[in-house]
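Data first, discussion second: the structure below is written as structure tokens.
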Amino acid sequence: MDTLVTAKTRYATKAYDAEKKIPKQQFEKLLEVLRFSPSSVNIQPWHFIVAETDAAKQRIAAGLTGNYIYNAAKVLNSSHTIIFCTRTDISTEYLEQLLQQDELSGRFKDETAKQGQRDTRQGYVEFYRNELKNLPAWMENQTYLALGQLLFAAGLEGIDATPMEGFDRNTINQEFGLAEKGLKASVIVSLGYRSETDFNAKLPKSRLADEVIFTRL
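If you read the sequence shown in the UniProt record's numbering, its first letter stands for residue 1, the second for the next number, and so on.
Structure, rendered in structure tokens:
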């Protein structure tokens, strides 16, 4: 699908057809898109919990009660749902893991280049940790880059998607033991195919005029 057409026609789906499933090969393609998402200094501070079974989706729905009950059906009727998780800290061990993968991928021509990457990445982490004191926010920003990548890729593939911040984070974190893994839930995305009952499918998109959101220099 054309990129501009995708941008103009994709939307946050409000109701899914539970009988329609994303073909396995196509879904794996979306996961690969996620794996190759961009991040600052390639920090990749994310982890994705993929719910493919009804039982797994029920576990996510446990965090969609009370004020968030309106989102439960989007998860339960989806083909797949993904919890986007963000690391709660960046350890020295994780930085070395990234550096080793860089080396395995052939990104360094010599030890000087490798040390340069080590220093640069460590410098960013320390800057956000110690000077700006918002390392968690910086890491979560990278997770949201991955979110945008997935939403657009899904649109290009003709797959509907719904990003959701309306969920009980404590419940989700506890249900999947995220704190023990050094993670926290940031956003949930349901994927699948819209139901004929989805009212939002027929509504026009609304965006501010160009002169409001662009400054051309």
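Built from N, CA and C at the ideal position, the CB exists for glycine as well.
Keep in mind the model is a prediction, meaning the values are calculated, not measured.
Going by Cα to Cα distance, which pick from the options is closest to residue i?
{"i": "T9", "options": "R216, L217, D210 and S206", "result": "S206"}
{"i": "D17", "options": "N71, K24 and L76", "result": "L76"}
{"i": "N42", "options": "W138, I172 and N71", "result": "W138"}
{"i": "Q58", "options": "S105, A73 and G123", "result": "A73"}
{"i": "E19", "options": "T92, R194, Q142 and T215", "result": "R194"}
{"i": "N141", "options": "L217, Q101 and S40", "result": "S40"}
{"i": "residue 220", "options": "D110, G123, T112 and L30", "result": "Because the chain here runs from 1 to 217, residue 220 falls outside it and cannot be looked at."}
Tell me whether the beta-carbon of residue i lies closer than 8 Å to the beta-carbon of residue j.
{"i": "I82", "j": "V125", "result": "no"}
{"i": "P38", "j": "T86", "result": "no"}
{"i": "I188", "j": "I60", "result": "yes"}
{"i": "L4", "j": "Q149", "result": "no"}
{"i": "A161", "j": "T13", "result": "yes"}
{"i": "R129", "j": "L98", "result": "no"}
{"i": "A15", "j": "D210", "result": "no"}
{"i": "F108", "j": "Q117", "result": "yes"}
{"i": "N200", "j": "Y11", "result": "yes"}
Ignore the nearest five residues each way along the sequence and tell me which others in residue i's own chain have a CB closer than 7 Å to its CB.
{"i": "A62", "result": "T171 and E175"}
{"i": "E103", "result": "K114"}
{"i": "L178", "result": "C85, K184 and A185"}
{"i": "I22", "result": "S79, H80, I159, L191 and G192"}
Against chain C, does residue i count as a neighbour if the rule is that its beta carbon must be under 8 Å from one of theirs?
{"i": "N141", "result": "Judged by its chain identifiers, the structure shown contains no chain C, having just a single protein chain."}
For residue i, collect the residues of the same chain with a Cβ closer than 6 Å to its Cβ; drop the 5 residues on either side in sequence, then sort them by chain order.
{"i": "T88", "result": "G182 and K184"}
{"i": "I90", "result": "V125"}
{"i": "M71", "result": "Per the sequence shown, the amino acid found at residue 71 is Asn instead of Met. If we look at N71 and ignore the five residues flanking it on each side, its Cβ neighbours are L64, M164 and G166."}
{"i": "Q101", "result": "none"}
{"i": "T143", "result": "W46, F84, T86 and S186"}
{"i": "L135", "result": "Y128 and R129"}
{"i": "D110", "result": "none"}
Below 8 Å on the Cβ atoms is my guess for residue i versus residue j; work out the distance and round it to an integer in Å.
{"i": "Q26", "j": "E157", "result": "6 Å"}
{"i": "L145", "j": "P163", "result": "At roughly 13 Å, the Cβ-Cβ gap does not stay under 8 Å, so L145 and P163 are not in contact."}
Please go through the same chain and pick out, in chain order, the residues whose beta-carbon is closer than 8 Å to the beta-carbon of residue i, but skip the five residues on each side of it.
{"i": "D168", "result": "G63, L64, T65, G66 and Y68"}
{"i": "A7", "result": "F152 and G155"}
{"i": "E196", "result": "D17"}
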